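A short write-up of the structure that comes next.
Residue numbers (our numbering), protein chains in the order written: chain D, 1 to 797; chain U, 798 to 945.
Here it is in structure tokens:
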């Protein structure tokens with residue numbers, strides 16, 4: 001797997017992002033920049049209550065306002081529009097775009113106003129009066145599990161056949177669990193704990209986060225009654241998926257609906273969903289035959305866009321005193337909020353699958369409960385289920401090392417899955433494609449200067465400072481989500497137009513994908529245009545999520561490119577035929593020319609060949625030009641699906657210092673060695689790691705969605721929901737190892753989510769290390785100064 | 798959210814009591830009170846305008862006086878809703894003689910829903926304190942008016 005491979009030209013080059021000049025100069029076109037003639041504006045009346053029965057909705061004042069076209073309540077809309085479809089295969093309660101009779105979270109839409117401008121729409125929404133009969137709010141997941149103090153969906157029957165419970169889903173996983181037969185054999189896991197010489201047990205919480213993309217959500221829906229077509233501009237990660245769901249919901253053909261994702265200012269998983277507002281906008285536009293626009297404001301985004309994470313784990317690790325891990329057992333409670341969105345129920349099941357981490361753990365058992373609470377629904381957020389799992393495992397491993405007095409790096413090394421064991425089926429159920437963990441660990445230890453850092457920490461401690469070191473080793477799942485589509489067309493002037501179904505929302509597809517084609521065709525990257533995010537231009541697609549774009553989309557694109565390249569070679573061979581006995585497969589594409597290998601003099605320019613190909617047989621014959629029998633043109637497409645998921649991995653090391661007087665934590669050093677397989681563009685990979693680290697460090701140190709006991713969100717603005725800033729970070733020290741995936745021709749694996757996964761346990765491990773002299777064994781995120789200060793004052797539990 | 802505090806009047810308890818429970822004085826002293834109409838014994842519909850940052854808006858709701866122990870204590874129960882959401886509060890008011898004057902202590906809690914909770918949680922305690930301060934100041938002039 002590590003043997004040298006000749007990679008296409010330009011793979012591995014630090015090409016600057018071609019999209020950045022327009023994006024950083026404010027010249028991008030986002031949904032809110034788009035205006036359709038006669039367009040009306042929507043505003044939603046949202047529930048102030050976390051849980052309540054709607055007694056009445058008085059829309060008369062809103063309707064009487066000048067400029068208000070239409071007011072629709074949830075119940076009125078439900079007369080013609082069914083509950084929203086979801087993608088998970090488990091039973092789920094009906095979820096309407098707007099509440100019909102009961103509200104279940106603060107911020108749930110209850111009515112929509114259509115008006116001539118956004119301000120009137122907002123004023124009119126404010127003028128709607130809703131009367132509720134309050135119901136007790138379910139806020140605590142433990143109590144939710146017991147149906148206390150209320151049940152959100154009394155009539156819902158879950159996968160276990162239970163009714164009258166808040167348990168949305170129960171999924172056991174691991175050794176001895178047969179999901180098909182529905183049986184559970186406890187022999188192996190019980191033996192692991194019986195034979196254990198040491199058992200670590202800890203409850204830990206991976207807290208709820210607000211994804212907070214820089215651009216909030218937005219949608220324009222334009223139904224044209226004359227053509228019977230629906231055009232939708234949406235800030236989405238997956239326009240084709242959105243098109244398909246809208247078609248299903250409105251009974252329209254997929255040829256009647258066009259979804260366009262213009263510039264999308266970040267998604268982080270929260271824009272995979274097709275939300276109630278999207279369906280409402282389309283329903284309203286169909287009703288009035290005019291375009292309507294809805295733009296989420298920041299305050300709405302905190303309640304109306306899905307949250308991420310929020311899983312509590314009761315973790316146990318059984319081990320021998322030499323550090324050999326024998327078994328891992330956990331009970332997970334995922335607080336999924338009030339409803340199931342597109343992938344909601346699926347995300348925590350990914351946590352189940354990650355519980356082996358990078359370790360050869362012979363027995364694993366996890367029991368996952370997903371519970372409804374009166375909060376905003378959760379769904380994917382950067383890492384989506386994997387950061388939670390790795391956080392639990394890596395915190396547990398660290399606790400074990402501390403109990404055993406072992407170096408945490410060496411405990412990890414001792415339990416690594418060995419390179420010759422791949423492909424490796426973990427007891428948690430995932431089939432890891434490839435891995436070679438020790439070199440990555442060694443490089444991270446070397447780059448960080450691990451032994452020197454330990455001495456530095458001890459010296460700082462002796463001097464009275466509170467300093468700690470943390471290490472974490474992650475693995476994650478990428479390339480999931482099935483097939484991706486690409487098309488490549490060489491234009492008559494030799495420029496290349498390509499499409500990808502992977503819809504970029506910050507990942508830099510216009511650069512990396514163009515790099516792949518520029519390398520293939522030997523043409524300047526400036527001659528290549530990558531189109532994405534429009535279902536009319538991009539013939540098919542799945543979307544961008546789960547770090548899948550390069551794996552699935554990149555490969556599809558190269559396959560389409562290869563087919564066009566073959567065609568170009570045939571034409572070039574024919575053109576060169578007089579000068580040389582040329583076979584198509586002996587030609588090379590280099591510096592804008594197609595030439596006989598090793599003989600640049602015998603060549604034609606790429607553009608000449610393209611123009612020749614477009615002459616066509618008839619025109620050529622008329623002009624007396626001999627022409628080859630290759631009439632199928634320079635346009636090709638490809639679908640491609642990896643044979644399995646890819647499992648990139650990496651090691652993060654951090655050093656932190658905590659201020660004794662204020663409890664403030666300063667991140668002194670962060671070293672990351674990531675292995676995402678073959679790297680197409682190191683600059684973009686670094687950018688992805690930087691962004692991931694920023695979000696992971698944000699989660700570790702400050703971010704956290706907080707609800708009060710009545711189910712009111714009290715972190716509803718950036719004044720209360722703390723986001724990290726550049727000044728919170730040290731200079732990240734990054735490096736890579738390369739372990740290729742056997743599933744992709746280039747050996748790529750995926751990098752988008754890695755940074756969020758390694759950094760959270762790495763930082764918490766460092767903070768616990770720093771506070772270990774105070775008797776601290778575990779800290780829950782976020783590591784707020786107040787909590788750390790209390791620990792220093794002797795508040796350790 | 799718990800709130801508590803106290804206020805000293807220069808007038809004797811019976812006079813302060815009378816002012817605190819007189820609808821006319823109540824209306825005059827309540828900051829931003831635009832309308833107040835009796836709906837029953839010790840119960841009123843009110844409209845209050847608040848101009849404090851994220852909780853700005855016009856709120857309509859009710860005021861009730863409960864658990865009345867003549868001259869000594871009562872409970873003030875307020876609820877209102879407006880554009881930024883809704884608020885409920887209740888406070889136990891206890892009067893005692895303090896030399897020539899009166900010592901009024903209050904303890905209570907405030908709950909909020911909607912945007913007020915989302916944006917204004919950190920403001921509510923401060924806003925409540927500010928408004929209670931304004932209320933007692935208003936009451937002082939009401940009491941003073943009676944002594945003239």
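Just so you know, even glycine gets a beta-carbon here, dropped at the ideal spot from N, CA and C.
Please read all numbers here as calculations on a predicted model, not as lab measurements.
N-terminal and C-terminal residue of the beta strand (DSSP E) that residue 499 of chain D is part of: Mapped onto the first chain, residue 499 of chain D falls at position 499. First-last of the beta strand (DSSP E) with residue 499 of chain D: 496-500.
Using the C-alpha atoms, what's the distance from residue 759 of chain D back to residue 739 of chain D? Here residue 739 of chain D corresponds to residue number 739 of the first chain, with the count starting at 1. Here residue 759 of chain D corresponds to residue number 759 of the first chain, with the count starting at 1. Each residue's alpha carbon lies about 21 Å from the other.
Check whether the Cβ of residue 718 of chain D sits closer than 7 Å to any heavy atom of the ligand NAP, and report yes or no. This structure simply doesn't include the ligand NAP, nor any ligand for that matter.
First through last residue of the beta strand (DSSP E) which encompasses residue 509 of chain D: Counted from its first residue, the first chain places residue 509 of chain D at position 509. No beta strand (DSSP E) contains residue 509 of chain D, which is instead part of the alpha helix (DSSP H) from 509-521.
Test item: CB-CB of residue 364 of chain D and residue 318 of chain D under 8 Å: The residue given as residue 364 of chain D occupies position 364 in the first chain. The residue given as residue 318 of chain D occupies position 318 in the first chain. No; because the gap between Cβ atoms is not below 8 Å, this pair is not in contact.
Spell out a yes or no on whether the stretch 166-185 of chain D and the stretch 652-671 of chain D are touching, meaning 3 or more CB-CB pairs, one atom from each, closer than 8 Å. no
Distance between residue 777 of chain D and residue 460 of chain D (C-alpha atoms, nearest Å): The residue you call residue 460 of chain D lines up with position 460 of the first chain. The residue you call residue 777 of chain D lines up with position 777 of the first chain. Answer to the nearest angstrom: the Cα atoms are 20 Å apart.
Have a look at residue 157 of chain D and residue 821 of chain U and give me their C-alpha separation to the nearest angstrom. In the first chain, residue 157 of chain D corresponds to position 157, counting from 1. In the second chain, residue 821 of chain U corresponds to position 24, counting from 1. Their Cα atoms are separated by approximately 56 Å.
Any beta-carbon of chain U closer than 8 Å to the one on residue 302 of chain D? Indexing the first chain from 1 puts residue 302 of chain D at position 302. Yes, contact with chain U.
Tell me the rounded alpha-carbon separation between residue 734 of chain D and residue 785 of chain D. Along the first chain, one-based indexing puts residue 734 of chain D at 734. Along the first chain, one-based indexing puts residue 785 of chain D at 785. The alpha-carbon atoms of residue 734 of chain D and residue 785 of chain D are separated by roughly 27 Å.
Going along chain D in order, which residues have a C-beta closer than 7 Å to the C-beta of residue 916 of chain U? To locate residue 916 of chain U, count along the second chain from 1; it is residue 119. The answer, in chain order, is 299, 716 and 717.
Rounded C-alpha distance that separates residue 728 of chain D from residue 655 of chain D: Counting from one through the first chain, the residue named residue 728 of chain D turns up at place 728. Counting from one through the first chain, the residue named residue 655 of chain D turns up at place 655. Those two C-alpha atoms are separated by around 13 Å.
What are the residues of the stretch 866-884 of chain U that lie near chain D, defined by any Cβ-Cβ distance shorter than 7 Å? 880, 882 and 883
Along the chain, where does the beta strand (DSSP E) containing residue 830 of chain U start, and where does it finish? If you number the second chain from 1, residue 830 of chain U lands on position 33. That run of the beta strand (DSSP E) goes 830-837.
Mind checking residue 718 of chain D: buried by the 16 CB within 10 Å criterion, or exposed? Here residue 718 of chain D refers to the residue found at position 718 when the first chain is read from its first residue. Exposed, by the Cβ-count rule.
If you compare alpha carbons, which of D:295, D:586 and D:18 is closest to residue 119 of chain D? In the first chain, counting from the first residue as 1, residue 119 of chain D sits at position 119. Per the Cα distances, D:295.
Kindly identify the DSSP beta-bridge partner or partners of residue 814 of chain U. Within the second chain, numbered from 1, the residue matching residue 814 of chain U stands at position 17. Its beta-bridge partners do not exist; DSSP assigns none.
Could you check whether the Cβ of residue 912 of chain U sits closer than 8 Å to any Cβ belonging to chain D? Here residue 912 of chain U is taken as the residue at index 115 of the second chain, counted from 1. True, the Cβ-Cβ gap to chain D drops below 8 Å.
I need the boundaries of the alpha helix (DSSP H) containing residue 918 of chain U, first residue and last residue. On the second chain, residue 918 of chain U is found 121 positions in, with the first residue counted as 1. First-last of the alpha helix (DSSP H) with residue 918 of chain U: 912-944.
Closest to residue 527 of chain D by C-alpha separation, out of D:609, D:592 and D:556, would be which residue? If you number the first chain from 1, residue 527 of chain D lands on position 527. Of the candidates D:609, D:592 and D:556, the one whose C-alpha sits nearest the C-alpha of residue 527 of chain D is D:592.
Compare the C-beta of residue 924 of chain U with all C-beta atoms of chain D and state if any pair is closer than 8 Å. Counting from 1 along the second chain, the entry for residue 924 of chain U is found at position 127. Not an interface residue.
State the DSSP-derived secondary structure class of residue 454 of chain D, mapped to helix, strand or coil. Position 454 of the first chain, counting from 1, holds the residue named residue 454 of chain D. DSSP places residue 454 of chain D in helix when its eight states are reduced to three.
Where residue 209 of chain D meets chain U, residues with beta-carbon distance less than 9 Å: The residue labelled residue 209 of chain D in the question sits at position 209 within the first chain. In chain order: nothing, as chain U lies at least about 16 Å away.
So, do the stretch 415-431 of chain D and the stretch 335-348 of chain D have three or more beta carbon pairs nearer to each other than 8 Å? no
Using a beta-carbon distance below 8 Å, is residue 212 of chain D in contact with chain U? Here residue 212 of chain D refers to the residue found at position 212 of the first chain. It does not; no Cβ of chain U falls within 8 Å.
Span of the beta strand (DSSP E) holding residue 167 of chain D? As a first step, residue 167 of chain D must be located in the first chain, where it is residue number 167. 167-174 is the span of the beta strand (DSSP E), which, as asked, contains residue 167 of chain D.
Could you check how far apart the C-beta atoms of residue 921 of chain U and residue 843 of chain U are, in whole angstroms? I think they sit under 8 Å. Along the second chain, read from residue 1 onward, the residue named residue 921 of chain U stands at position 124. Along the second chain, read from residue 1 onward, the residue named residue 843 of chain U stands at position 46. With 8 Å as the limit, residue 921 of chain U and residue 843 of chain U do not qualify as a contact, their Cβ atoms being about 18 Å apart.
Short-range partners of chain D found in the stretch 898-911 of chain U, where Cβ spacing is below 9 Å: 908, 909, 910 and 911
Cβ of residue 479 of chain D within 8 Å of Cβ of residue 551 of chain D? To locate residue 479 of chain D, count along the first chain from 1; it is residue 479. To locate residue 551 of chain D, count along the first chain from 1; it is residue 551. A contact, by the Cβ cut-off of 8 Å.
In its own chain, which residues sit with a C-beta less than 6 Å from the C-beta of residue 1 of chain D, not counting the 5 before and 5 after it? Position 1 of the first chain, counting from 1, holds the residue named residue 1 of chain D. Any reading at residue 1 of chain D is ruled out, since the residue's pLDDT is 39, under 50, leaving its predicted position unreliable.
Tell me whether the beta-carbon of residue 231 of chain D lies closer than 8 Å to the beta-carbon of residue 271 of chain D. Taking the first chain and counting its residues from 1, one reaches residue 231 of chain D at position 231. Taking the first chain and counting its residues from 1, one reaches residue 271 of chain D at position 271. No, the Cβ-Cβ distance between residue 231 of chain D and residue 271 of chain D is not below 8 Å.
Kindly identify the DSSP beta-bridge partner or partners of residue 274 of chain D. Locating residue 274 of chain D in the first chain gives position 274, counting from the first residue. DSSP lists no partner for residue 274 of chain D.
Counting only Cβ pairs nearer than 9 Å, list the residues of chain D close to residue 943 of chain U. Translated into positions along the second chain, residue 943 of chain U becomes position 146. By Cβ distance, chain D contributes nothing, its closest Cβ being about 39 Å from residue 943 of chain U, past 9 Å.
Residue 619 of chain D by DSSP, collapsed to three states: which one? Against the first chain, residue 619 of chain D aligns to sequence position 619. Helix.
Chain-ordered residues of the stretch 552-578 of chain D with a beta carbon less than 9 Å from chain U: none
Using a C-beta cutoff of 8 Å, does residue 805 of chain U count as contacting chain D? Within the second chain, numbered from 1, the residue matching residue 805 of chain U stands at position 8. Chain D contact via Cβ: absent.
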